[in-house]
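The structure appears below as structure tokens.
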Amino acid sequence: MDRLLLLGMSILISLLSEAFAQTDLTGKVFVFPRESQSDHVKLIPHLDKPLENFTLLFSYNTLGRDNELLIYKNRVGEYQLYIGQLEVTVQGVEDFASPVHFCTSWESSSGIAEFWVNGKPWVKKGLQMGYTVKGQPSIVIGQEQDSYGGSFDQSQSFMGEIGDLNMWDSVLTPEKIKSAYQGSTIDPNILNWQNLTYEMNDYVVIRPCTWH
Ligand SMILES: *[C@@H]1O[C@H](CO)[C@@H](O)[C@H](O)[C@H]1NC(C)=O
Ligand SMILES: *[C@@H]1O[C@H](CO)[C@@H](O)[C@H](O)[C@H]1NC(C)=O
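Plus 504 on top of the position in the sequence shown (first one is 1) and you've got this note's numbering.
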């Protein structure tokens with residue numbers, strides 16, 4: 505098992521003319537049941553301005569697996585965050601067990617990226633100070649996209665379950681991250697698991713979450 509893609513955001517302009525489902529997924533997960541070159545879920549963010557700061561929080565249960573914003577898991581205890589093609593790697597103590605609650609944030613003015621794994625802060629790293637994530641992002645979970653909604657590679661597909669995915673256009677305080685981790689909802693304004701706009705493609709199913 506090598507690099508595991510958890511979530512990739514490709515900054516390519518998309519035409520959001522299709523009608524997408526908008527659903528409260530509380531207590532549910534997307535299940536990616538097999539390795540494939542095509543199974544994925546496209547998430548439509550509520551975002552109409554360049555992104556200077558963000559916090560992204562989600563849970564996943566694995567297995568697990570160019571980009572403007574990409575989160576990889578290299579191995580237990582090691583994650584990589586890419587912003588605008590540059591990356592930082594962070595290492596920390598992580599129980600081998602799944603599931604995992606993962607949170608990352610980034611602030612343009614300082615370039616500081618923070619990481620929280622299972623509610624515990626990991627070491628901070630810096631990258632892309634002054635950068636902004638531009639355009640209307642297309643966010644895909646389950647696959648790495650090398651072009652808009654395509655160029656997937658089976659060996660980089662994600663197998664497992666993902667839930668509770670929320671994204672804010674600001675860096676949440678440690679207190680808010682802790683309470684979000686403990687289950688309270690702090691109005692996510694880019695992606696909201698309780699009001700998620702998404703499109704499932706190929707073999708992805710929604711099931712009640714069984715591991716919380
Ligand atoms: C991003 O965060 C910085 C400080 O943390 C703040 O000054 C700036 O206004 C924020 N940008 C946006 C677009 O919210
Ligand atoms: C869900 O999001 C849409 C905007 O995309 C908004 O119009 C609607 O009020 C939201 N629903 C709830 C229950 O928050």
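We treat Cβ as the ideally placed atom computed from N, Cα and C, and that holds for glycine. Predicted model, so just to flag it, every value in this text is computed and none were measured.
Own chain partners of residue i with C-beta closer than 6 angstroms, once the 5 adjacent residues on each side are dropped
{"i": "V535", "result": "E665, V709, R711"}
{"i": "S542", "result": "D706"}
{"i": "Q632", "result": "I587, G588, L590, G615"}
{"i": "G729", "result": "Nothing can be reported for residue 729: it is not among the residues displayed for the chain, which extend from 505 to 716."}
{"i": "C607", "result": "L561, W620, I681"}
{"i": "S674", "result": "N557"}
{"i": "F656", "result": "Q541, Q647"}
{"i": "P537", "result": "none"}
{"i": "Q686", "result": "none"}
8 angstroms Cβ cutoff met for residue i and residue j
{"i": "W626", "j": "V592", "result": "no"}
{"i": "K546", "j": "V644", "result": "yes"}
{"i": "F662", "j": "S609", "result": "no"}
{"i": "I548", "j": "T701", "result": "yes"}
{"i": "Q658", "j": "H544", "result": "no"}
{"i": "N693", "j": "H550", "result": "yes"}
Beta-carbon contacts of residue i that lie in its chain and below 7 angstroms, excluding the five residues immediately before and after
{"i": "C445", "result": "The requested residue 445 does not occur in the structure, where the chain is confined to residues 505 to 716."}
{"i": "C628", "result": "One detail in the question is off: residue 628 reads as Lys in this sequence, not Cys. Excluding residues within five positions, the ones whose Cβ falls inside 7 angstroms are I616, A617, E618."}
{"i": "N696", "result": "N670"}
{"i": "L585", "result": "I575, E591, V592, T608, A617"}
{"i": "W573", "result": "At residue 573 the sequence reads Leu, which differs from the Trp that was named. If we look at L573 and ignore the five residues flanking it on each side, its Cβ neighbours are M513, Y586, I587, V637."}
{"i": "W672", "result": "F558, T559, P692, N693, I694"}
{"i": "E539", "result": "Q658, S661, M663"}
{"i": "K624", "result": "none"}
Cβ separation of residue i and residue j, assumed to be a contact under 8 angstroms, to the nearest whole Å
{"i": "L555", "j": "A684", "result": "Not confirmed; about 19 angstroms, so no contact."}
{"i": "G634", "j": "S612", "result": "6 angstroms"}
Spatial neighbours of residue i in its chain, beta-carbon cut-off 8 angstroms, leaving aside the 5 residues before and after
{"i": "N699", "result": "Q526, T527, D528"}
Distance cut-off 7 angstroms: residue i Cβ against heavy atoms of ligand 4
{"i": "E582", "result": "Absence of ligand 4 from the depicted structure is noted, with ligand 1 and ligand 2 being the only ligands included."}
If contact is defined by three or more beta carbon pairs under 8 angstroms, each pair taking one atom from either stretch, is the stretch 673–680 in contact with the stretch 575–582? With a cut-off of 8 angstroms on Cβ pairs, the stretch 575–582 is not in contact with the stretch 673–680, counting fewer than three such pairs.
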